[in-house]
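If you count the sequence shown from 1, you need to add 41 to reach my numbering. For glycine and all other residues, C-beta sits at the position ideal for the given N, C-alpha and C. Bear in mind that the values here come from a model prediction, so they are computed numbers and not experimental data. I have placed the structure first, in the form of structure tokens, so that the comments after it can refer back to it.
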Amino acid sequence: MEKKWFEYHCLESEKSTDAILWHHTHQEVTVLNKIPPSESDLEMYMVRFKDGLEYSVFADELVNSVKDFYRPDYKTPKK
């Protein structure tokens, strides 16, 4: 299975419905499969993170190198 790097490109907020993906930004993932076009309007892939989380991500969020990152790292909010 192919390895890629994941960088979250959506709403960077704890209130985002995809906040769990934001928490996983800048991590290496295993690409499990391409999601069929009939199930998504945009090119998407199912990936697995090292902690076992499996999630669908957009193609533009998968990169070959950490050098391709352009968004900031996720930082745990201060209480």
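Checklist entry - With respect to the alpha helix (DSSP H) encompassing L62, which residues constitute its N-terminal and C-terminal limits? => result In the sequence shown, counting from the first residue as 1, residue 62 sits at position 21. First-last of the alpha helix (DSSP H) with L62: A60 to H64.
Next on the checklist: Please give me, in chain order, every unbroken run of the beta strand (DSSP E) with length at least 3 that falls completely inside the stretch 78-116.
Outcome noted: 85-90 and 95-99
Item to check | Selection from P113, G93 and P118 that minimises the alpha carbon distance to D72 | outcome: On the sequence shown, residue 72 is found 31 positions in, with the first residue counted as 1. Residue identity differs from the one stated: residue 72 is Val in this sequence, not Asp. Nearest to V72 by C-alpha distance, out of P113, G93 and P118, is G93.
Item to check | Rounded separation between P113 and W63 - CA only | outcome: Locating residue 113 in the sequence shown gives position 72, counting from the first residue. Locating residue 63 in the sequence shown gives position 22, counting from the first residue. Each residue's Cα considered, the two are about 10 Å apart.
Checklist entry - So L73 is in the beta strand (DSSP E); what residue range does that whole segment cover? => result As a first step, residue 73 must be located in the sequence shown, where it is residue number 32. It spans Q68 to K75 - the beta strand (DSSP E) in which L73 sits, taken as one unbroken run.
Checklist entry - For E43, does the three-state DSSP call read helix, strand or coil? => result As a first step, residue 43 is located in the sequence shown; it is residue number 2 there, counting from the start. If DSSP states are grouped into helix, strand and coil, E43 belongs with the strands.
Next on the checklist: Taking the straight line between their C-alpha atoms, what separation do you get for K91 and V98?
Outcome noted: In the sequence shown, residue 91 corresponds to position 50, counting from 1. In the sequence shown, residue 98 corresponds to position 57, counting from 1. Near 15 Å, if we compare the C-alpha coordinates of V98 and K91.
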